[in-house]
Ligand SMILES: [Zn+2]
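Residue numbers (this note's numbering): 117 to 401.
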């Protein structure tokens, strides 16, 4: 049987005569950057230095600055009877909130404050026939939600419930001829999916099912040579969101000029190691 990579290569280089429905994709301009503009990105990110948000506190080892008990109480109050989490008092339920709440409590060493069993039950009820996850039970699989659910299951020690081969196939099929990854079928590639898709593949041990070199070229082509920063696609406006996920994606691809990033928390590995949180199960099959 062909390996997923061999089949993928055929899909990325289809016989032009037998092409079916054209895929939505972008063409990388010839003059797009091919090297990482590290200093430019550092300057771009530094310009945001005076807009630090709370999440920075863990990175800076400064969680004592906050009222942890009150914060834990609020996060736990968002958990519903079926195990799901609201994002805020307005009551939207989404698996993203299951991940955010659990990652937040775990980073603070307070995972025991939530009902983990019910939370796991809810997330598993969002698993679909294609191996992916949606935002609520019965919702379409989406790479953003897949990252949240797979990360959640890794943190809580329930990753063995994932069908890694089935999900790995769905995830590697997100790669388009340009090398970029989309979030679900029929969508354009986007740098942030270099994170949502790639991190999920890393957690389930299927990172080698992607054409890494092609993805790297796509990510590098999304850099702005003048101001630094990454855009969602080549030539678009840059922003901190896509800059983070562009750099984090390159780190997962093994780029030695950026620090190793943790695929579950999207934080530097040394911070996660310092908190002794790097002991979650990873599928190595
Ligand atoms: Zn995006």
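Glycine included, every Cβ here is placed at the ideal spot set by N, Cα and C.
Heavy atom of ligand 1 within 6 Å of residue i beta-carbon
i: residue 220; result: no
i: residue 308; result: yes
i: residue 348; result: yes
Cβ neighbour criterion (16 or more within 10 Å) applied to residue i
i: residue 386; result: exposed
i: residue 244; result: buried
i: residue 230; result: buried
i: residue 311; result: buried
i: residue 171; result: Its pLDDT being 49, under 50, residue 171 is placed unreliably by the model, and the measurement read from it follows with that caveat. Counting Cβ neighbours within 10 Å, residue 171 comes out exposed, since fewer than 16 surround it.
i: residue 353; result: exposed
i: residue 349; result: buried
i: residue 275; result: buried
i: residue 182; result: exposed
i: residue 389; result: exposed
i: residue 164; result: exposed
i: residue 337; result: buried
i: residue 257; result: buried
i: residue 199; result: buried
i: residue 363; result: buried
i: residue 131; result: Because the pLDDT at residue 131 is just 47, under 50, the model does not fix this residue reliably, and the point stays unresolved.
i: residue 254; result: exposed
i: residue 351; result: exposed
i: residue 210; result: buried
Where the alpha helix (DSSP H) through residue i begins and ends
i: residue 356; result: 356-368
i: residue 212; result: 211-223
i: residue 265; result: 259-271
i: residue 288; result: 280-288
i: residue 274; result: Run containing residue 274: none; DSSP gives neither H nor E here.
i: residue 337; result: 328-337
i: residue 300; result: Neither: residue 300 is in no alpha helix (DSSP H) and is coded neither H nor E.
i: residue 391; result: Segment: none, residue 391 is in no alpha helix (DSSP H) and carries neither H nor E.
Beta-bridge pairing of residue i - partner residues as DSSP gives them
i: residue 347; result: 354
i: residue 196; result: None, per the DSSP bridge assignment.
Contact between the region 198-215 and the region 227-245 (3+ Cβ pairs under 8 Å): Touching, yes.
The region 372-383 in contact with the region 326-341 per 3-pair CB rule at 8 Å: No, the region 372-383 does not touch the region 326-341.
Cβ contact check for the region 286-297 and the region 264-278: 3 or more pairs under 8 Å: Contact check between the region 286-297 and the region 264-278: fewer than three CB pairs, one atom from each, fall below 8 Å, which does not count as touching.
The region 149-157 in contact with the region 337-349 per 3-pair CB rule at 8 Å: They touch, by the three-pair rule.
Segment contact flag, the region 222-229 with the region 187-194, C-beta cutoff 8 Å, min 3 pairs: Verdict: yes, contact present.
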